[in-house]
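Participant: In this text, residue positions in the sequence shown follow my numbering: the first is 119, and each later residue adds one.
Think of the CB as a built atom: it goes at the ideal place given N, C-alpha and C, for glycine as much as any other residue.
It should be emphasised that the depicted structure is a prediction, and the values quoted were computed from it without experimental measurement.
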Amino acid sequence: MIGSKPILIVAQNEGGRLAPVVFEGAAAARRLTGGASGGVAAVVTGPPGTEAVAKELWSVGVADVYVAEHTLLAEPRPESHALAIAAAVRQADPSLILVGQTFLGRDLAPYLAAMLEVGVIMNALELRHDSSGATEVVCPIYGGAVQASYHVSASPPSVVGFQPATRSTEERASGSRGRILSVDPGLGEFKDKVKLVERPLRSGPRLEEAKVVVSGGVGLGDAKNYQGIEELAEVLGGLPGASRAIVDLGWATRAQQVGLTGARVSPDLYVAVGISGASQHLAGMSMSKVIVAVNNDPKAPIFKYARYGVTLDCLEFLPAFTSECRKLKGTS
Ligand SMILES: Cc1cc2nc3c(=O)[nH]c(=O)nc-3n(C[C@H](O)[C@H](O)[C@H](O)COP(=O)(O)OP(=O)(O)OC[C@H]3O[C@@H](n4cnc5c(N)ncnc54)[C@H](O)[C@@H]3O)c2cc1C
């Protein structure tokens with residue numbers, strides 16, 4: 119709690135499941151409030167039946183959970199969700215509003231801030247108190263080359279967007295029961311401006327949640343060599359990622375991009391193959407526990423961050439290493 123006001127987490131409900139980023143937000147808010155009772159509140163929006171999802175938030179130290187239910191909230195449209203969340207903000211009177219930057223969250227945070235006529239800060243890496251007790255929000259700027267600190271007051275509350283997987287969820291909190299508070303989402307007059315023809319949410323495993331990520335860069339030399347990245351990722355039980363340069367070249371998809379403008383990952387193992395280690399790439403993977411870099415230039419910046427380095431041609435390394443891993447797993 120900052121003063122007597124709680125921090126409000128926008129708890130994104132993805133088809134009846136809370137997005138993993140919600141638990142990161144809860145942990146960050148708990149740290150900031152020092153675990154004060156009633157210090158963390160949340161708002162969950164969704165179709166009728168969403169209340170069942172809301173109760174899970176009690177296990178991560180959230181006290182009051184504001185629930186806005188409406189059939190229009192079944193679809194991930196920022197316009198309708200922002201209206202419902204704004205109604206909850208008016209009820210909760212928070213000191214800060216935290217939004218995880220999922221596909222919906224990235225649009226939702228600025229939309230909500232505009233609707234509430236308050237400030238918005240995106241890409242937050244860290245939240246802490248400054249010496250005056252105000253909240254300090256640390257974010258990368260200039261393509262990740264520099265970090266900026268924003269000092270925000272509790273009134274009016276700022277909206278802060280944060281990247282998934284930039285902080286640990288830590289232990290679960292006590293799990294004491296809080297309150298469920300119903301919110302009128304105010305969608306009576308809402309007019310559909312966009313007709314959804316395809317659900318934009320990705321299905322399947324996400325890079326942000328992977329324990330192993332194997333990413334390829336320009337050093338692969340050709341689109342067809344990205345297959346080697348996919349094979350090694352599969353053998354290691356992980357997911358394939360990519361530098362933005364090869365996404366721009368069309369060798370990998372946008373969803374596979376790791377970095378400042380892509381996914382932020384923090385796996386146990388990150389293998390960077392033919393990637394130089396530009397600051398914008400590092401912004402998305404330097405939180406990985408163990409980094410292995412494969413690059414035939416021993417002066418490549420990525421080696422400064424790697425625990426293990428391989429200075430070979432990646433096209434020689436990939437098939438040989440993948441084959442050894444298969445042998446070790448007994449799958450060759
Ligand atoms: C605003 C902004 C946002 C950005 N966001 C992102 C982002 O989110 N993610 C991101 O990745 N980038 C991002 N970038 C781009 C970033 O600056 C770099 O251009 C990009 O990361 C470089 O990709 P790369 O390492 O694959 O290519 P390069 O920098 O060209 O590096 C290729 C590396 O491969 C090595 N190599 C060459 N041949 C071989 C071989 N045969 N075997 C082994 N190694 C070899 C080379 O030594 C070199 O180090 C952003 C840039 C800007 C300006």
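My output table needs one value for Gln209: the three-state DSSP class, helix, strand or coil.
Facilitator: Looking up residue 209 in the sequence shown gives position 91. Gln209 falls in the helix class under three-state DSSP.
Participant: What residue from Arg135, Gly143, Lys417 has the CA that sits closest to Leu243's CA?
Facilitator: On the sequence shown, residue 243 is found 125 positions in, with the first residue counted as 1. Among Arg135, Gly143, Lys417, the Cα nearest to that of Leu243 is on Gly143.
Participant: Tell me Gly334's beta-bridge partners as DSSP assigns them.
Facilitator: Position 216 of the sequence shown, counted from the start, is the residue given in the question as residue 334. Looking at the DSSP assignment, Gly334 forms a beta bridge with Ala360, Val391.
Participant: How far does the alpha helix (DSSP H) with Val171 in it reach, from first residue to last?
Facilitator: The residue labelled residue 171 in the question sits at position 53 within the sequence shown. 169-172 is the extent of the alpha helix (DSSP H) around Val171.
Participant: If you count every other CB in all the chains shown that lies within 10 Å of the CB of Gly279, and 16 or more means buried, which is it?
Facilitator: Against the sequence shown, residue 279 aligns to sequence position 161. With 16 or more other Cβ atoms within 10 Å, it is buried.
Participant: Label Thr189 either buried or exposed according to how many other C-beta atoms from any shown protein chain fall within 10 Å of its C-beta, with 16 as the threshold for buried.
Facilitator: In the sequence shown, counting from the first residue as 1, residue 189 sits at position 71. Looking at its Cβ environment, which holds fewer than 16 other Cβ atoms inside 10 Å, Thr189 is exposed.
Participant: Do Gln281 and ligand 1 come close, with the Cβ less than 7 Å from some heavy atom?
Facilitator: What you label residue 281 is simply residue 163 of the sequence shown in a count that begins at 1. Not under cutoff, so the answer is no.
Participant: Locate the beta strand (DSSP E) running through Glu327, then write down its first and last residues.
Facilitator: To locate residue 327, count along the sequence shown from 1; it is residue 209. Unbroken run through Glu327: none, as it is neither H nor E.
Participant: Can you tell me whether DSSP reads Gly262 as helix, strand or coil?
Facilitator: As a position in the sequence shown, residue 262 is number 144, starting the count at 1. Note: Gly262 maps to helix in three-state DSSP.
Participant: Can you give the Cα-Cα distance for Gly380 and Ser441, rounded to whole angstroms?
Facilitator: Here residue 380 is taken as the residue at index 262 of the sequence shown, counted from 1. Here residue 441 is taken as the residue at index 323 of the sequence shown, counted from 1. Distance between the alpha carbons of Gly380 and Ser441: 30 Å.
Participant: Could you tell me which residues DSSP pairs with Thr163 in its beta bridges?
Facilitator: Reading the sequence shown from its first residue, position 45 is the one you call residue 163. In the DSSP output, where bridge partners are listed per residue, Thr163 has Ala186.
Participant: Check whether the region 291-306 and the region 197-204 are in contact - that is, three or more C-beta pairs closer than 8 Å.
Facilitator: Judged by Cβ distances under 8 Å, the region 291-306 makes contact with the region 197-204, as three or more pairs qualify.
Participant: If distances are taken between C-alpha atoms only, which option among Val383, Ala181, Ile125 comes closest to Val331?
Facilitator: Counting from one through the sequence shown, the residue named residue 331 turns up at place 213. The shortest C-alpha separation from Val331 is found at Val383.
Participant: Report yes or no: is there a C-beta of chain C within less than 8 Å of the C-beta of Ala418?
Facilitator: Reference to chain C is not applicable here, since this structure consists of a single protein chain.
Participant: Going by the beta-carbon positions, is the gap between Gly223 and Ser276 smaller than 8 Å?
Facilitator: The sequence position of residue 223 within the sequence shown is 105, counting from 1. The sequence position of residue 276 within the sequence shown is 158, counting from 1. Contact: no.
Participant: If you count every other CB in all the chains shown that lies within 10 Å of the CB of Ser213, and 16 or more means buried, which is it?
Facilitator: What you label residue 213 is simply residue 95 of the sequence shown in a count that begins at 1. By the 10 Å Cβ count, Ser213 comes out buried.
Participant: In angstroms, rounded to a whole number, what distance separates the CA positions of Pro358 and Ala396?
Facilitator: Within the sequence shown, residue 358 is the residue found at index 240, counting from 1. Within the sequence shown, residue 396 is the residue found at index 278, counting from 1. Whole-angstrom Cα-Cα distance: 19 Å.
Participant: Between Gly392 and Cys432, how many whole angstroms is the CB-CB distance? I'm expecting something under 8 Å.
Facilitator: The sequence position of residue 392 within the sequence shown is 274, counting from 1. The sequence position of residue 432 within the sequence shown is 314, counting from 1. Indeed, because the Cβ distance is near 5 Å, the residues count as touching under 8 Å.
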